[in-house]
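Just so you know, the protein sequences line up as chains V and L, in that order.
The opening residue of the first sequence carries number 6 in this note's numbering; numbering runs sequentially from there.
The opening residue of the second sequence carries number 228 in this note's numbering; numbering runs sequentially from there.
Glycine is no exception: its CB is placed at the ideal position from the N, C-alpha and C atoms.
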Amino acid sequence: MSDAIVVEKLTKKFALGVLQRDTMLRERLVSLLRSPFGGRSGSENILWALRDVSFRVAEGEVVGIIGRNGAGKSTLLKVLSKITYPTSGRVRVAGRVASLLEVGTGFHEELTGRENVFLNGSILGMKKNEVESKLDSIVAFAGVERFVDTPIKRYSTGMRLRLGFAVAAHLDPDLLIVDEVLAVGDAGFQRKCLNTMEELQSGGRTVLFVSHNMAAVENLCSRCIWIDAGQVQMDGTPREVIEAYMKTFGGFQGAAADLSSIENRRGSGEIRYTGIEYLNRSGEPLSVIRSGDSVVIRLRYHASQEVSHPSFGFRIYTEMGTLVTDTSTWHHAIEIPLVPAGDGYVELEVDLLNLLPGRYYFSLWLTGAGSPLYDNIEHCAFLEIELANVYSSGKALDSRYGIVYFPQRWHLEGIGSGSRTSDQEESQVERTPADGISR
Amino acid sequence: MAAIDTRLPVVRGTSSVNVEFISDFWHYRELLYFLAWREVKVRYKQAALGAAWAIIQPLFTMIIFTLFFGRLAGVPSDGIPYPLFSFCALVPWTYFAGTLSLAGNSLVSNANLVTKVYFPRVLLPAATVVSGMLDFLIGSVFLFFMMIYYHVKPGWNLLFVPVFVVSLMLLALGISMLLAAINVRYRDVKYALPFIIQIWLFVTPIIYPVTFLPAKYQKVLALNPMAGIVEGLRACLFPNHPMPWRLVEISWSVTALLLIAGALYFRKTERTFADIV
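Set out below in structure tokens:
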């Protein structure tokens, strides 16, 4: 097999001073006047976005790139897409490249759907007659047939995304470079994206894609590269790389998250959250949480003074910011007459965490009677839900199948070989999760 | 097995720039067309008077100039009716000024494209240079009717019009490349541009003919490449107006210099656009 991508000793550094957006000539002049002989300040202002990165990708490989935010993943994709240039090292890319770093790049609000398809297609490297021949198929794929001559400023966000992705899906490239496109849009859109990438994969195309969606990486990719601090940390099968990568989150997730040092919070602060922990029923920290597990969520707080009638609550959001649930002691009509000054915690026991794999964010809130806000921290912790065989059918449900699942049973009268049931006890569904409050 | 695509040559970190600057124009002509087409489409959308603005702007400037400079100040116009004299210069000037102010900001206002997709960056200012031609053509049609109204019949020099239009576009492109590239790093361009354009209007023989100035100032004025283009176009249209070849030659030389300087500076800085825009 020949190489589709060859990356050799790729290095990209940014001088942080130059990164500032509104660079003014005046600032340069001022700094020149202040220290006419002083050179540019030294190494502390240099950011190594990529450092000595080398790898090869063979034709037909589907490579997932994972890593934390700011690890250099996007910079790598940008260098491969020729958008930005490396400081040193070289890159060789074979064939027709489509890079999708954003859905709907160059869309103009005032132009119609049809016009934007031409514009976007042309920006992504399609020829005019190619767009013409694929126009119907693109519009059908996006499901915007009725609005094709409407300016896209009248489109909903979802329609816009679908149209943008539809164009990209019709690029027919030899190499597709995708940056976290899956992080936007609803579940249906994401599923469409994943299906298209699966098709490309089975069509023997090379795909390189960055994602925080570990389930998608594991399902789609034949190989996974983990980038950290601008360097290749690990390169191997998705399973082993993801496992190693997830282990580095031990401090964040699983065990606990320390919230006491978070500055970005609202509320008057008489009582504040100081930590969140995920435990099993016997009170041991959980490092891996799977769909369907039972979980105890412990919220630690510190009260600087006596607080009467508080309500402890939190919201869970998907990675796309969809509110999954908001729950609290108030929702359960639990009266807490008084919380004395000092440290303590409350616990929420969830019998069956019916969230599908993915990352979920917590926003915590704490209010008093008459709803003064004591504390509110948005997206302060997350929970990574791992794949599980929730229906005991051998089919693991990943994020393509939605956000939640329900313990369930199919009844097939006379057409199947008997009814199949999940191994979940149905009685659990009826029960409300018990709240526990302890001191 | 796919061959190495010539469109995506080896990306090296070294400073050797082997971007095929001119052949890119040809290779990406469709994108140039679409970007220009987008600008045209968008320009007068939701404007009640639409493309009429292409005429209204130079027309009203012409009326003001005719009143204040032609009538009140008594500025001579080489025997051509003053409205015609000034309008004929205002059509290329409006194009030039409009293109500069749009193209100068083109890289910054299209930052989302620059940071998300690869294409030759020069297409952005170039698209503005091309799209402005539509307004120029609309203005020219209006000028044509004015000439009929004033019973002015052009001579054989009319054949030179395309030459001057092309040099006008090349001049606009050269300066636009320079301004757009500088603007990526120094946003001062955005503030300086309206001011520069205003001054430039007065050092271009639009309100007055070159012959209005003393001989020694005429030489200085010649360094302004717009002077040769404006006076050259007048000579194309008005038979009693001889072609000022000396002025035109200087204008072309300066245009060539600006075009080369613009292209070189653009090429040199192009690679950093996505990082600092």
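Check whether residue i and residue j have beta carbons under 8 Å apart
| i | j | result |
| --- | --- | --- |
| residue 348 (chain L) | residue 252 (chain L) | no |
| residue 335 (chain L) | residue 269 (chain L) | no |
| residue 409 (chain L) | residue 416 (chain L) | yes |
| residue 193 (chain V) | residue 157 (chain V) | no |
| residue 15 (chain V) | residue 109 (chain V) | no |
| residue 235 (chain V) | residue 20 (chain V) | no |
| residue 441 (chain L) | residue 458 (chain L) | no |
| residue 102 (chain V) | residue 182 (chain V) | yes |
| residue 463 (chain L) | residue 381 (chain L) | yes |
| residue 373 (chain V) | residue 314 (chain V) | yes |
| residue 359 (chain L) | residue 322 (chain L) | yes |
| residue 277 (chain V) | residue 350 (chain V) | no |
| residue 65 (chain V) | residue 209 (chain V) | yes |
| residue 367 (chain L) | residue 318 (chain L) | yes |
| residue 94 (chain V) | residue 225 (chain V) | no |
| residue 485 (chain L) | residue 436 (chain L) | no |
| residue 388 (chain V) | residue 294 (chain V) | yes |
| residue 384 (chain V) | residue 368 (chain V) | yes |
Of the residues the options, the one placed nearest residue i, counting alpha carbons only
| i | options | result |
| --- | --- | --- |
| residue 214 (chain V) | V:294, V:237, V:104, V:270 | V:104 |
| residue 243 (chain V) | V:219, V:262, V:264 | V:219 |
| residue 329 (chain V) | V:410, V:73, V:276, V:200 | V:410 |
| residue 380 (chain V) | V:65, V:264, V:364 | V:264 |
| residue 250 (chain V) | V:66, V:12, V:60, V:71 | V:71 |
| residue 275 (chain V) | V:339, V:343, V:100 | V:343 |
| residue 344 (chain L) | V:92, V:154, V:80 | V:80 |
| residue 353 (chain V) | V:316, V:377, V:378 | V:316 |
| residue 353 (chain L) | L:255, L:369, L:386 | L:255 |
| residue 362 (chain L) | L:284, L:311, L:490 | L:284 |
| residue 267 (chain L) | L:295, L:305, L:475, L:365 | L:365 |
| residue 413 (chain L) | L:377, L:456, L:331 | L:331 |
| residue 461 (chain L) | L:308, L:351, L:423 | L:308 |
| residue 324 (chain V) | V:217, V:412, V:253 | V:217 |
Whole-angstrom distance between residue j and residue i, CA atom to CA atom
| i | j | result |
| --- | --- | --- |
| residue 345 (chain V) | residue 312 (chain V) | 7 Å |
| residue 498 (chain L) | residue 356 (chain L) | 22 Å |
| residue 371 (chain V) | residue 267 (chain V) | 15 Å |
| residue 280 (chain V) | residue 319 (chain V) | 13 Å |
| residue 134 (chain V) | residue 340 (chain L) | 22 Å |
| residue 273 (chain L) | residue 18 (chain V) | 44 Å |
| residue 360 (chain V) | residue 8 (chain V) | 40 Å |
| residue 201 (chain V) | residue 396 (chain V) | 26 Å |
| residue 122 (chain V) | residue 398 (chain V) | 42 Å |
| residue 348 (chain V) | residue 282 (chain V) | 15 Å |
| residue 407 (chain L) | residue 264 (chain L) | 20 Å |
| residue 115 (chain V) | residue 281 (chain L) | 20 Å |
| residue 67 (chain V) | residue 125 (chain V) | 25 Å |
| residue 405 (chain L) | residue 86 (chain V) | 25 Å |
| residue 13 (chain V) | residue 488 (chain L) | 34 Å |
| residue 433 (chain V) | residue 296 (chain V) | Low confidence applies to residue 433 (chain V): its pLDDT is 40, below 50, so where it sits in the model is not reliable, and the reading given next is rough at best. Each residue's alpha carbon lies about 15 Å from the other. |
| residue 198 (chain V) | residue 310 (chain V) | 51 Å |
| residue 495 (chain L) | residue 258 (chain L) | 22 Å |
| residue 286 (chain L) | residue 342 (chain L) | 40 Å |
| residue 176 (chain V) | residue 207 (chain V) | 16 Å |
| residue 293 (chain L) | residue 302 (chain L) | 9 Å |
Continuous beta strand (DSSP E) stretch holding residue i: start and end
| i | result |
| --- | --- |
| residue 273 (chain V) | No beta strand (DSSP E) contains residue 273 (chain V), which DSSP labels as neither H nor E. |
| residue 8 (chain V) | 8–20 |
| residue 380 (chain V) | 378–391 |
| residue 154 (chain V) | Looking at the DSSP string, residue 154 (chain V) is not in any beta strand (DSSP E), and its letter there is neither H nor E. |
| residue 53 (chain V) | 51–63 |
| residue 211 (chain V) | 211–215 |
Boundaries of the alpha helix (DSSP H) in which residue i is found, first to last residue
| i | result |
| --- | --- |
| residue 500 (chain L) | 500–503 |
| residue 220 (chain V) | 219–225 |
| residue 171 (chain V) | 162–174 |
| residue 376 (chain L) | 350–376 |
| residue 403 (chain L) | 388–412 |
| residue 99 (chain V) | Looking at the DSSP string, residue 99 (chain V) is not in any alpha helix (DSSP H), and its letter there is neither H nor E. |
| residue 396 (chain V) | Premise fails: residue 396 (chain V) is in no alpha helix (DSSP H) and is neither H nor E. |
| residue 118 (chain V) | 118–128 |
Any non-hydrogen atom of the ligand MN closer than 7 Å to residue i Cβ
| i | result |
| --- | --- |
| residue 96 (chain V) | As for the ligand MN, it is missing from this structure, which has no ligand bound. |
CB contact check: residue i to chain B, cutoff 8 Å
| i | result |
| --- | --- |
| residue 124 (chain V) | Among the protein chains in the structure shown, which are V and L, there is no chain B. |
Complete beta strand (DSSP E) runs within the stretch 252–333 of chain L (minimum length 3 residues, chain order)
If only complete runs of 3 or more residues are kept, the stretch 252–333 of chain L shows no beta strand (DSSP E) anywhere.
Mind pulling the alpha helix (DSSP H) runs of 4 or more residues that sit fully within the stretch 445–504 of chain L?
Fully enclosed alpha helix (DSSP H) runs of 4 or longer: 452–464, 472–497, 500–503.
Complete runs of the beta strand (DSSP E) confined to the stretch 263–314 of chain V [at least 3 residues]
Fully contained in the stretch 263–314 of chain V are the following beta strand (DSSP E) runs of length 3 or more, in chain order: 276–284, 300–308.
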